[in-house]
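Under the UniProt record's numbering, think of the first position of the sequence shown as 1, with each following residue one higher. For every residue, glycine included, the Cβ atom is placed at its ideal position computed from N, Cα and C. This structure is a prediction, so every number in the text was calculated from the model and none was measured.
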Amino acid sequence: MTMRIDLPEETLGWVLAKAFRNRSFLIGFVITLLVAAVALLSFIWTPYDVTKLVIADKTQAPSWTHWFGTDHFGRDILSMIMVGARNSIAVALVAVGIGMGVGVPLGAFAAARGGMADEALMRVNDLVFAFPALLSAIMITAIFGPGAVNAIIAIGIFNIPVFARVARAGALAIWPREFILAARAAGKGMSEITVEHILPNIATLLLVQGTIQFALGILAEAGLSYVGLGAQPPMPSWGRMLFDAQTRMVTAPWMAIFPGMAIVITVLGLNLLGDGIADILDPKSRRQR
Numbered sequence: 001m002t003m004r005i006d007l008p009e010e011t012l013g014w015v016l017a018k019a020f021r022n023r024s025f026l027i028g029f030v031i032t033l034l035v036a037a038v039a040l041l042s043f044i045w046t047p048y049d050v051t052k053l054v055i056a057d058k059t060q061a062p063s064w065t066h067w068f069g070t071d072h073f074g075r076d077i078l079s080m081i082m083v084g085a086r087n088s089i090a091v092a093l094v095a096v097g098i099g100m101g102v103g104v105p106l107g108a109f110a111a112a113r114g115g116m117a118d119e120a121l122m123r124v125n126d127l128v129f130a131f132p133a134l135l136s137a138i139m140i141t142a143i144f145g146p147g148a149v150n151a152i153i154a155i156g157i158f159n160i161p162v163f164a165r166v167a168r169a170g171a172l173a174i175w176p177r178e179f180i181l182a183a184r185a186a187g188k189g190m191s192e193i194t195v196e197h198i199l200p201n202i203a204t205l206l207l208v209q210g211t212i213q214f215a216l217g218i219l220a221e222a223g224l225s226y227v228g229l230g231a232q233p234p235m236p237s238w239g240r241m242l243f244d245a246q247t248r249m250v251t252a253p254w255m256a257i258f259p260g261m262a263i264v265i266t267v268l269g270l271n272l273l274g275d276g277i278a279d280i281l282d283p284k285s286r287r288q289r
């Protein structure tokens, strides 16, 4: 017997056509693509060396020489934002990967097993969820010291219960469906049904949540770097740049304006991208075409 997977029947062409008509998706996609391009470009080129201190050029206002100005050590702010972009993206991407890689299997297992196993896993999730990423980073830093790796671990741990809850809720909605009952009647086990039927049907939900958590990961990384628990000097970080600028808001406001704009634009782009994806793949909108 062939089991039907309850996935959208639209062709890829129809989805792409709708994506290009969705303003939120287009704006979010362009912004995210530009930020990713800037981060990749920083691996091979930046206008200036971000590790080189030029005290004679400190706190210079934006000009044709330094488009975004310089900081209190004479470093080019544009170059630091470019390098900070790749650090923020790397931390958020790996942290979301950890959360999704651990949380999704846990949530799917809890939905499949039910009973005491489900209750125990969800209560552990509640316990982990009670500790924000910043508090987790402080505890980890107290043991292992500050750094980008510890920031990744802290944000990743915080993401695990988020993805576990989403995966569990999505799976619980799929398990009573007719094609799942047919698969069970055909002799398929819970693990096989989860991999072949449950996960494909909640992939869209996980994709949208992943986009949201990625944006939150950018904010969390900036927050951890701001308090000195993220990437350590001389490696630039958007949050660390804001920390350095807080006592120079009057004399050199560009030190805070441009890193702050980088964070706002990146998070805005990711949120718009997530909203666009959710709208494009919304079953209600597919029925209304």
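- Each of M122, T204, G97 and A167 was checked against the Cα of A278, and the nearest Cα belongs to T204.
- By the 16-neighbour rule on beta-carbons within 10 angstroms, V264 is exposed.
- Secondary structure note for M190: its alpha helix (DSSP H) is the uninterrupted segment M190 to I193.
- Straight across, the Cα-Cα distance linking P176 with I218 is about 37 Å.
- For the 8 Å CB-CB criterion, G210 and Y226 do not form a contact.
- In this structure, DSSP gives D76 an extended state, which the three-state scheme calls strand.
- Going by C-alpha positions, L40 is about 12 Å away from S88.
- By the 16-neighbour rule on beta-carbons within 10 angstroms, P200 is exposed.
- Remark: fewer than three beta-carbon pairs, one from each stretch, lie closer than 8 Å, so the stretch 151-169 and the stretch 77-85 are not flagged as touching.
- A distance below 8 Å separates the beta carbons of L134 and G223.
- In this structure, DSSP gives T65 a state outside helix and strand, which the three-state scheme calls coil.
- Contact between the stretch 61-78 and the stretch 111-127 is absent: fewer than three C-beta pairs spanning the two stretches fall below 8 Å.
- At the C-beta level, G156 and G99 come within 8 Å of one another.
- The stretch 143-153 and the stretch 184-198 do not touch, with fewer than three beta-carbon pairs separated by less than 8 Å.
- With fewer than 16 other Cβ atoms inside 10 Å of its own Cβ, T247 counts as exposed.
- Between F214 and L270, the gap from beta carbon to beta carbon is short of 8 Å.
- Sequence-distant Cβ neighbours of P236 in its own chain, meaning closer than 6 Å and more than five residues away, are V50, M80, V83 and G84.
- The beta carbon of N125 lies closer than 6 Å to those of P161 and A164 in the same chain, with the five residues before and after it left out.
- For R240, the enclosing alpha helix (DSSP H) covers residues W238 to A245.
- Scanning its chain for C-beta atoms nearer than 7 Å, with the 5 sequence neighbours on each side dropped, one finds around L273 the residues F25, G28, F29, T32 and T211, in chain order.
- For T251, the secondary structure class from DSSP, reduced to helix, strand or coil, is coil.
- Rounded to whole angstroms, the Cβ separation of D71 and M255 is 5 Å, and the two are in contact under 8 Å.
- With a beta-carbon spacing of about 7 Å, V166 and L206 fall inside the 8 Å limit used to define contacts.
- DSSP lists D76 as the beta-bridge partner residues of T70.
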